[in-house]
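Only one structure is covered here, and it is reproduced in the block below.
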């Protein structure tokens with residue numbers, strides 16, 4: 001995977017890719033329509049943030065590049081790449097437990113707070129993507 005030069009794009013499989021963790025200067029793209037929703041992305045080496053209809057979808061510190069983000073009522077999955085380990089925050093359902101898998105290996109369960117925020121850390125090596133899958137617990 002590489003950075004998303006256009007900052008946000010729709011993939012042929014119905015997912016979206018966004019972010020460019022190589023940028024030295026903050027860049028943003030607003031009013032991107034995807035499946036009837038309006039998206040906004042802000043990205044550079046220090047932070048990547050994606051919003052849908054004004055609400056947080058994804059945020060990473062430091063910045064990352066994300067490919068093939070898919071979400072459903074069961075959870076979310078994506079591939080992420082960055083130059084160093086990242087703290088990722090996702091907007092999920094309030095007060096709900098989710099199972100987290102990194103590169104196909106279950107790494108535990110995380111419960112969202114009353115605001116629906118789910119935070120996780122991902123170990124990243126420059127140039128290598130990591131598969132993340134978060135699914136609603138049974």
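Numbering (my numbering), first residue to last: 1 to 138.
We put the beta carbon where it would ideally sit given N, CA and C, even for glycine.
Since we're looking at a predicted model, the values are computed, not measured.
Any idea which residues DSSP pairs residue 10 with across the strands? Answer by DSSP bridge pairing, in chain order: 16.
Determine, using beta carbons only, whether residue 47 comes closer than 7 Å to chain C. Structure shown: chain C not included; a single protein chain is present.
By the DSSP assignment, the beta strand (DSSP E) with residue 136 in it spans what residues? Its beta strand (DSSP E) spans residues 130-136.
Kindly indicate which three-state DSSP category residue 96 falls into: helix, strand or coil? If DSSP states are grouped into helix, strand and coil, residue 96 belongs with coil.
Spatial neighbours of residue 59 in its chain, beta-carbon cut-off 6 Å, leaving aside the 5 residues before and after: Taken in chain order, the residues that qualify are 49, 89.
If I'm right that residue 134 touches residue 66 with Cβ under 8 Å, what's the distance once you round it to whole angstroms? About 13 Å separates the Cβ atoms of residue 134 and residue 66, ruling out a contact at the 8 Å cut-off.
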